[in-house]
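Chemist:
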Amino acid sequence: MMPKKSPKVIVDYSKCGDGGSKVDPRDCGKCLRACDPAILLMHETMDIRQDPYDPQIWRITAVWLNLCTRCMKCVQVCPVGAIAVT
Amino acid sequence: MNAKNYSNELAKEMNIAEYETEQWRAFEQVYIRKIMGISSIDVGYKLQLPIIGRVLRWNAEKMIHSESKNRNAVRADGHFGQVIPLEDAKIILGNLAAEPIIENYCMCRWMQRGVKEACCINFGVLSGVIEKLPRFIPKNNVYRLDRDEAIKRIEQHNRKGYVASVWFQPVPYINAICSCENPECGGLRLRQDFGLNSVYKAEYVAAIDPDKCQGCKSCVSMCQFSALRYIPSQERVMVDLRKCFGCGVCRHACKNDSIQMVPREQFPGLQY
Chain E
153 MMPKKSPKVI
163 VDYSKCGDGG
173 SKVDPRDCGK
183 CLRACDPAIL
193 LMHETMDIRQ
203 DPYDPQIWRI
213 TAVWLNLCTR
223 CMKCVQVCPV
233 GAIAVT
Chain F
250 MNAKNYSNEL
260 AKEMNIAEYE
270 TEQWRAFEQV
280 YIRKIMGISS
290 IDVGYKLQLP
300 IIGRVLRWNA
310 EKMIHSESKN
320 RNAVRADGHF
330 GQVIPLEDAK
340 IILGNLAAEP
350 IIENYCMCRW
360 MQRGVKEACC
370 INFGVLSGVI
380 EKLPRFIPKN
390 NVYRLDRDEA
400 IKRIEQHNRK
410 GYVASVWFQP
420 VPYINAICSC
430 ENPECGGLRL
440 RQDFGLNSVY
450 KAEYVAAIDP
460 DKCQGCKSCV
470 SMCQFSALRY
480 IPSQERVMVD
490 LRKCFGCGVC
500 RHACKNDSIQ
510 MVPREQFPGL
520 QY
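Protein chains in written order, with my numbering: chain E, 153 to 238; chain F, 250 to 521.
1) Consider the Cβ of Y280/F: report whether some Cβ of chain E lies at a distance smaller than 8 Å.
2) Contact check, I400/F vs L342/F under 8 Å by CB: the rounded distance?
3) Can you list, in chain order, the residues of the region 184-196 of chain E whose Cβ is nearer than 8 Å to any Cβ on chain F?
4) Tell me the rounded alpha-carbon separation between D337/F and N446/F.
5) Would you mind telling me which residues of chain F sit closer than 9 Å to P231/E, beta carbon to beta carbon, in chain order?
6) Can you check whether the C-beta of G181/E is within less than 8 Å of a C-beta belonging to chain F?
7) Give me the DSSP bridge partner(s) of N353/F.
8) How long is the line joining the alpha carbons of I209/E and A236/E, rounded to whole angstroms?
9) Which residues of the region 157-173 of chain E have a Cβ closer than 8 Å to any Cβ of chain F? Give them in chain order.
10) Could you tell me which uninterrupted beta strand (DSSP E) segments, each at least 3 residues in length, are contained entirely in the region 180-232 of chain E, listed from first to last along the chain?
11) Taking only three categories from DSSP, how would you classify L394/F?
12) Can you give me the C-alpha to C-alpha distance between V374/F and Q418/F, rounded to a whole angstrom?
13) Is it buried or exposed, P383/F, if we count other Cβ atoms within 10 angstroms and call 16 or more buried?
14) Taking only beta-carbon atoms, is R201/E less than 8 Å away from chain F?
15) Apart from the five residues just before and just after V364/F, which ones in its own chain have a Cβ nearer than 6 Å to its Cβ?
16) Which residues, in order along the region 200-227 of chain E, keep a beta-carbon less than 7 Å from a beta-carbon of chain F?
17) Check whether the region 391-400 of chain F and the region 318-333 of chain F touch, using three or more Cβ-Cβ pairs below 8 Å as the test.
18) Decide if G518/F is buried, meaning its Cβ has at least 16 other Cβ atoms within 10 Å, or exposed.
19) Measuring only between beta-carbons, confirm whether L382/F sits less than 8 Å from chain E.
20) List the DSSP bridge partners of P512/F.
21) In the DSSP assignment, find the unbroken beta strand (DSSP E) run with M487/F in it and report its ends.
22) Is it the case that the region 218-226 of chain E contacts the region 279-287 of chain F, given that we only count it when at least three CB pairs across the two stretches are under 8 Å?
23) For N505/F, which option in Y521/F, Q473/F, C468/F and F474/F has the closest C-alpha, if you only look at C-alpha atoms?
24) Please name the residue or residues paired with C429/F in a DSSP beta bridge.
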């Protein structure tokens, strides 16, 4: 039997992270702290321009998706409306 | 506790510095990196798939416990740990850990909560590796510890409620004692939510003396693993031994000294 599909949590990187947008997740991090099961992950991008010892371009990715309860706290707390949960 | 596993000679022989530099430079990428075309994103779903899920689980366990010569550092091959009670952590830091000893920001909590908390005690070759990475170095720049300071710090973390754990990086070289919480810790996450053996339980379990326990419930709030629960009809707290990791953190909350750590091997039905 196929397992139940996990919720989808999509982050719009034109609004948050990736260096070019308004918000640096390292300064904000509100969604990370709002999520009770901590399914979101902050990480440096694999951009080859990164300084390997001190990366400056960061983004948020939802990793542990099957633990998402669709409580929508991350959507509500995001100051730039970058997160969508479906 | 094998002293050789902490030694600089072993580190040199295994070329640890190179492995750990590569691993730590890209530490936060470990879950988004594709390994043979598959990343950890939504790994809970992937592991439940018929056939594919079983192959993935087998492969993940093989990676976590890999002892092969050509281990891949960026996917942290051979990096796993074990929960230990405070007493054992003190013995390691006081006697076995190779110098220099440093205390740096916990990268798991940084990845998962965006907070920087200096509570990971690393030693040996890894100290030199982390010193080159500014994001892990505490702001006040005080991160080198002597043995007594390290013991004092691990006791503070443990009393606060963090679980002490010792880590291979990679097996058999040991160079870290972390103070973890669940579910932020990457290792505890994989074990608790996905059943992968990235962290082993301690050699002990908690045992509550039913005569001493007054049923104040203080210990219940300390347990990171939901192994303690208050039983109203008995007016005392009981331990779910299958859930207990044997970290001993609950003892700090007990006012009646009713919790003892007993060897896990006394209960042959329990897993490590």
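Even glycine gets a Cβ: it sits at the ideal position worked out from N, Cα and C.
Being a predicted model, the structure only gives us computed values, none of them experimental.
Modeler: Let me lay it out:
1) For Y280/F, the answer is yes, since a Cβ of chain E falls inside 8 Å of its Cβ.
2) Contact holds; Cβ gap of about 5 Å.
3) Answer set for the region 184-196 of chain E: L184, R185, P189, A190, L192, L193, M194, H195 and E196.
4) 21 Å
5) Per Cβ cutoff of 9 Å: no residues; P231/E is ~14 Å from chain F at best.
6) yes
7) The partner list for N353/F (beta bridge, DSSP) reads C369/F.
8) 21 Å
9) The region 157-173 of chain E vs chain F, Cβ under 8 Å: K157 and S158.
10) 192-196 and 210-214
11) Strand, per DSSP.
12) So the alpha carbons of these two residues sit roughly 10 Å apart.
13) exposed
14) no
15) R358
16) P204, Y205, D206, T213, V215, W216, L217, N218 and L219
17) no
18) exposed
19) So yes, L382/F belongs to the interface.
20) Y453/F
21) M487/F -> beta strand (DSSP E) spans R485 to V488.
22) no
23) C468/F
24) V412/F
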